[in-house]
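J.:
Number of protein chains: 2
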Amino acid sequence: MTERLDAQFAFLTEADRLKQVIRATPLCDGSRRENSGEHSWHLALYALVLADQAGPDVNIDRVVRMLILHDLVEIDTGDVPIHSADGQAHGSAAVAEAEARAADRIFGLLPEDIGVGLRALWEEFEAAETPDAVFAKALDRVQPVLHNLASGGGSWNDYAVNARQLEARVGTKVARGAPALWAHLKGRLRGYFPDI
Amino acid sequence: MTERLDAQFAFLTEADRLKQVIRATPLCDGSRRENSGEHSWHLALYALVLADQAGPDVNIDRVVRMLILHDLVEIDTGDVPIHSADGQAHGSAAVAEAEARAADRIFGLLPEDIGVGLRALWEEFEAAETPDAVFAKALDRVQPVLHNLASGGGSWNDYAVNARQLEARVGTKVARGAPALWAHLKGRLRGYFPDI
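Residue numbers (our numbering), protein chains in the order written: chain A, 1 to 196; chain B, 1001 to 1196.
#1: Could you pull the start and end residues of the beta strand (DSSP E) that R1164(B) belongs to?
#2: Which class does I75(A) belong to by DSSP, given the choice of helix, strand or coil?
#3: For chain B, check one thing: does any of its Cβ atoms lie closer than 8 Å to the Cβ of V63(A)?
#4: Kindly list the residues whose CB is nearer than 8 Å to the CB of L109(A), restricted to its own chain and excluding five residues on each side of it in sequence; keep chain order.
#5: For I106(A), name the three-state secondary structure that DSSP assigns.
#6: Taking 8 Å as the threshold (beta carbon to beta carbon), is F135(A) in contact with chain B?
#7: Starting from the Cα of R1176(B), find the closest Cα among L1018(B), T1077(B), A1138(B) and S1040(B) and give me that residue.
#8: Between the stretch 36-48 of chain A and the stretch 1053-1069 of chain B, are three or more C-beta pairs nearer than 8 Å?
#9: Tell me which residue opens and which closes the beta strand (DSSP E) that A24(A) is part of.
#10: Quick one: give me the first and last residue of the beta strand (DSSP E) that N35(A) is part of.
#11: Quick check on I75(A) - is its C-beta less than 8 Å from some C-beta in chain B?
#12: Whose Cβ in chain A lies nearer than 8 Å to the Cβ of H1083(B)?
#13: Can you confirm whether the stretch 71-86 of chain A touches the stretch 14-28 of chain A when touching is taken to mean that 3 or more C-beta pairs between the two stretches lie within less than 8 Å?
#14: For G30(A) versus S155(A), is the C-beta spacing smaller than 8 Å?
#15: Check the Cβ of V49(A) against every Cβ in chain B and list those closer than 8 Å, keeping chain order.
#16: Helix, strand or coil for V63(A), going by three-state DSSP, please let me know.
#17: Can you list the residues of chain B that E126(A) reaches, using a CB-CB cut of under 7 Å?
#18: Using beta carbons (cut-off 8 Å, strictly below), is S155(A) in contact with chain B?
#19: Do you know offhand how far N1232(B)'s Cα is from R1188(B)'s?
#20: Cutting at 7 Å between CB atoms, please list the residues of its own chain near L121(A), excluding the five before and the five after it.
#21: Could you tell me which of A160(A), E97(A), R190(A) and E167(A) sits nearest to A85(A), measuring between CA atoms?
#22: Is Y46(A) close to chain B? Criterion is C-beta to C-beta, closer than 8 Å.
#23: Hey, out of R1033(B), R1032(B) and K1019(B), whose CA is closest to S40(A)'s CA?
#24: At least one CB of chain A closer than 8 Å to the CB of E1038(B): is that the case?
#25: Below 7 Å CB to CB, which residues in the same chain sit around R62(A) once its five sequence neighbours on both sides are set aside?
#26: If you run the structure through DSSP and keep just helix, strand and coil, what is Q1101(B)?
#27: Any beta-carbon of chain B closer than 8 Å to the one on K19(A)?
#28: Please list the partners that N1035(B) has in chain A, where partner means a Cβ-to-Cβ separation under 8 Å.
#29: Quick one: Cα of A94(A) to Cα of A136(A), how far?
#30: Count the other CB atoms within 10 Å of the CB of H957(B); is the residue buried (16 or more) or exposed (fewer)?
#31: In terms of residues, what are the limits of the alpha helix (DSSP H) holding G115(A)?
#32: Ordered along the chain, which non-local residues of its own chain (more than five positions away) have a Cβ less than 6 Å from that of I1022(B)?
#33: May I ask you to report which of helix, strand or coil DSSP gives D1057(B)?
#34: How big is the Cα-Cα spacing for G1087(B) and L118(A)?
#35: So P1144(B) and T1002(B) are supposed to be a Cβ contact under 8 Å. How far apart are they, rounded?
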């Protein structure tokens, strides 16, 4: 019992480091950049609030669980902004391998019966094939759009993003998991990207 | 549809401010104090990882939802550290009234069918009567113990907390929702509080 709890607490203490992984996206007021811990909380709240945008076979509680876990590997790999040059390697074999090693180490801190289940949820998110994962991925792309809009451009300015790039890197993923959300956001985005 | 989504996004943008509410508890490495947004994420992860410490009538997904929402009112009221002089007013009529006003405003940003359900979950957490809320409250008291232990005393030093105060403000709540957790933590706490 004591050894088991020690392992659970070791994992939770290690997870604390996600609060020091800094993302490209600013807070909505532009005062500083967001960290991946608070980002994960915000996304879980997105799932609760935008549940009516999910298809009928989406289980919101599983989506929330995925979003809580989805960035933990960044403790080892760091956040790779999707609009950066490196971001274009998202999904490459090298990145997938580094993330798998991080998942081995981090979920491996847990008692096996817990770690296996949580890692499976993270892998499901990464694979983006099930309805739950597709919806979770859509929310992960929606939130930075709101922050960039609120803060005057945010990471779009830093990486000189154009409408075509935004459609490819963000629009397709949002439209796949939450089509009405993307249609709505496009209306807001025309102020920044007239040809979107 | 557009008006409804505008309201959902207005709430989610307002919620972003929780990332700027600073708590008394440090990160585990002591580098800075934690904010209430990342704290809420960490607690949701605590619920997933320590689910085996919950009683048989606890629904972990409801606990996770409560923990995601539990500090939102702090956007208006700020965080009141439990070990501070003001912290002793936790549960007083004046504090409860300020928090209710904050909940009116913040959950009131949402479409009514969403806001009413989320507010009810927050109220259930605050009342700390149902098994889900009692377990969620226990986790909310466990996490700062781990952070203070990891960082060399943290808010216990700032507020000169003694063993009797820790038992009253933390121990009773943890023991109520997760008795084995408190028994385990007491073993770790004896280095700081020999008479606990």
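Don't be surprised by glycine CBs; every beta carbon is placed ideally from N, CA and C.
T.: Quick answer:
#1: In the second sequence, residue 1164(B) corresponds to position 164, counting from 1. R1164(B) -> not in any beta strand (DSSP E); alpha helix (DSSP H) instead, spanning A1163 to L1166.
#2: By one-based count along the first sequence, residue 75(A) stands at place 75. Here I75(A) sits in helix by DSSP.
#3: Taking the first sequence and counting its residues from 1, the one referred to as residue 63(A) is at position 63. By this cut-off, V63(A) is not an interface position.
#4: Mapped onto the first sequence, residue 109(A) falls at position 109. Correct list, in chain order: A7, A10, F11, E14 and G115.
#5: The sequence position of residue 106(A) within the first sequence is 106, counting from 1. Reduced to three states, the DSSP call for I106(A) is helix.
#6: Here residue 135(A) is taken as the residue at index 135 of the first sequence, counted from 1. Answer no: the Cβ-Cβ gap between F135(A) and chain B never drops below 8 Å.
#7: The count along the second sequence starts at 1 and reaches residue 1176(B) at position 176. It is A1138(B).
#8: Segments in contact, yes.
#9: Position 24 of the first sequence holds residue 24(A). It spans I22 to P26 - the beta strand (DSSP E) in which A24(A) sits, taken as one unbroken run.
#10: Translated into the one-based positions of the first sequence, residue 35(A) becomes position 35. Judged by DSSP secondary structure, N35(A) falls within the beta strand (DSSP E) whose first and last residues are R33 to N35.
#11: Taking the first residue of the first sequence as 1, we reach residue 75(A) at position 75. Chain B, which has no Cβ nearer than 8 Å to the Cβ of I75(A), makes this no.
#12: Start at 1 with the first residue of the second sequence, and residue 1083(B) comes out as number 83. In chain order: nothing, as chain A lies at least about 20 Å away.
#13: In the pairwise beta carbon analysis, the stretch 14-28 of chain A is classified as touching the stretch 71-86 of chain A: at least three pairs are separated by under 8 Å.
#14: Position 30 of the first sequence, counting from 1, holds the residue named residue 30(A). Position 155 of the first sequence, counting from 1, holds the residue named residue 155(A). G30(A) places its beta carbon 8 Å or farther from that of S155(A).
#15: Walking along the first sequence from the start, residue 49(A) turns up at place 49. Contacts between V49(A) and chain B, judged by CB atoms closer than 8 Å, involve Q1008, F1011, L1012, L1110, I1114 and L1118 in chain order.
#16: Mapped onto the first sequence, residue 63(A) falls at position 63. Three-state DSSP puts V63(A) in a helix.
#17: Taking the first sequence and counting its residues from 1, the one referred to as residue 126(A) is at position 126. Within chain B, no residue comes near E126(A); the closest Cβ sits about 17 Å away, beyond 7 Å.
#18: Indexing the first sequence from 1 puts residue 155(A) at position 155. For S155(A), the answer is no, since every Cβ of chain B falls outside 8 Å of its Cβ.
#19: Shown here, chain B extends from 1001 to 1196; a query on residue 1232(B) therefore has no answer.
#20: Here residue 121(A) is taken as the residue at index 121 of the first sequence, counted from 1. Counting only Cβ-Cβ distances below 7 Å, and skipping sequence neighbours, we find R65, M66 and L69.
#21: As a first step, residue 85(A) is located in the first sequence; it is residue number 85 there, counting from the start. Comparing Cα positions, the closest option is A160(A).
#22: Translated into the one-based positions of the first sequence, residue 46(A) becomes position 46. By this cut-off, Y46(A) is an interface position.
#23: Looking up residue 40(A) in the first sequence gives position 40. With distances taken between Cα atoms, S40(A) lies closest to K1019(B).
#24: Looking up residue 1038(B) in the second sequence gives position 38. So, interface residue.
#25: Reading the first sequence from its first residue, position 62 is the one you call residue 62(A). Correct list, in chain order: D132.
#26: What you label residue 1101(B) is simply residue 101 of the second sequence in a count that begins at 1. Here the sequence assigns Arg to residue 1101(B), which means Gln is not the residue at that position. Looking at R1101(B) - three-state DSSP - the assignment turns out to be helix.
#27: In the first sequence, counting from the first residue as 1, residue 19(A) sits at position 19. Judged by the 8 Å Cβ criterion, K19(A) is in contact with chain B.
#28: In the second sequence, counting from the first residue as 1, residue 1035(B) sits at position 35. E38, listed in chain order.
#29: To locate residue 94(A), count along the first sequence from 1; it is residue 94. To locate residue 136(A), count along the first sequence from 1; it is residue 136. The alpha-carbon separation between A94(A) and A136(A) amounts to approximately 23 Å.
#30: No answer is possible for residue 957(B): the residues shown for chain B start at 1001 and end at 1196.
#31: In the first sequence, residue 115(A) corresponds to position 115, counting from 1. Start and end: E112 to A127.
#32: For the purposes of this step, residue 1022(B) is taken as the residue at position 22 of the second sequence. Within the same chain, R1033 and N1035 come within 6 Å of I1022(B) by CB-CB distance, once the 5 residues on both sides are set aside.
#33: Translated into positions along the second sequence, residue 1057(B) becomes position 57. For D1057(B), the three-state secondary structure derived from DSSP is coil.
#34: Start at 1 with the first residue of the second sequence, and residue 1087(B) comes out as number 87. Start at 1 with the first residue of the first sequence, and residue 118(A) comes out as number 118. Approximately 36 Å between the Cα atoms of the pair.
#35: Residue mapping note: residue 1144(B) aligns to position 144 of the second sequence, counting from 1. Residue mapping note: residue 1002(B) aligns to position 2 of the second sequence, counting from 1. Not quite, the Cβ-Cβ distance comes to about 42 Å (not below 8 Å), so this is no contact.
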